[in-house]
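*Asks:*
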Amino acid sequence: MKRHPILRGLSSEHHHGLVMARRLRLAHEDGGPETLRLIAEAFLQFQEDDLKGHFREEEEVLLPFLAGYTSPEDAMIARTLVEHVRIRQAAMSLRAHLESEDDLSEIAGETGHLLERHIRFEERELFPHIEQAVTEPGLAEMARLLEPDRRACRLRPASS
Ligand SMILES: [Fe+2]
Ligand SMILES: [Fe+2]
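Going by our numbering, the letters in the sequence shown line up with residues 681 to 840, in that order.
(1) Can you tell which of Val741, Thr760, Ala720 has the C-alpha that lies nearest to the C-alpha of Arg804?
(2) With respect to the alpha helix (DSSP H) encompassing Leu731, which residues constitute its N-terminal and C-terminal limits?
(3) For the alpha helix (DSSP H) holding Arg797, just list the boundary residues, first then last.
(4) Does at least one heavy atom of ligand 1 sit under 7 Å from the Cβ of Thr750?
(5) Between His684 and Leu825, what straight-line distance do the alpha-carbon atoms span, to the nearest angstrom?
(6) Excluding the 5 residues preceding and the 5 following Ser691 in the sequence, name in chain order all residues of the same chain whose CB lies nearer than 8 Å to its CB.
(7) Less than 7 Å separating the Cβ of Ile767 from some heavy atom of ligand 2?
(8) Please tell me whether Ile767 and Leu794 are closer than 8 Å, where the distance is taken between their beta carbons.
(9) Rounded C-beta distance between His706 and Val814? I'm assuming under 8 Å.
(10) Select from Ala771, Pro752, Ala776, Leu819 the residue whose C-alpha is nearest the C-alpha of Leu731.
(11) Look up Ser751 in the DSSP assignment and say whether it is helix, strand or coil.
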């Protein structure tokens, strides 16, 4: 599917998210404890470096902007927010399992599944909905709001 240029940055981040989701699911299917530990750490780093900023842009710019064209009660807005909470909750649980040295297999599989399903939903339903609902001048205005945020994300110091 051809993505509107304004949404391409977020879409390319989705690609990295899908790679991470696949690694979590594979580790769940046949990874030993050491592989699971490494992938859990890699996911938490990915969450810190990429996912937090990505979710923030969607929540602070994309969704409120879409709500202006549809409604704050738009079911796709609600679904996006609920899934963000689920993924954050899974990440919290993954961190807790890692810290207490519990078996990571189930929570790794669940986190991967939630992340993959969420990205597929945004690519197949939410983004086409935005492209359809928001006018071309509206999309240009959204780009203006997205860009300072994206620059700020890139400029923030890398976490150690
Ligand atoms: Fe999202
Ligand atoms: Fe997204």
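Built from N, CA and C at the ideal position, the CB exists for glycine as well.
*Replies:* Taking the structure as given:
(1) Thr760
(2) Element bounds for Leu731: n/a, residue is neither H nor E.
(3) 785-801
(4) no
(5) 16 Å
(6) Arg683, Glu803, Phe807
(7) no
(8) yes
(9) According to the sequence as given, residue 706 is Leu; it is not His. So it is not a contact: roughly 37 Å between Cβ atoms.
(10) Ala771
(11) coil
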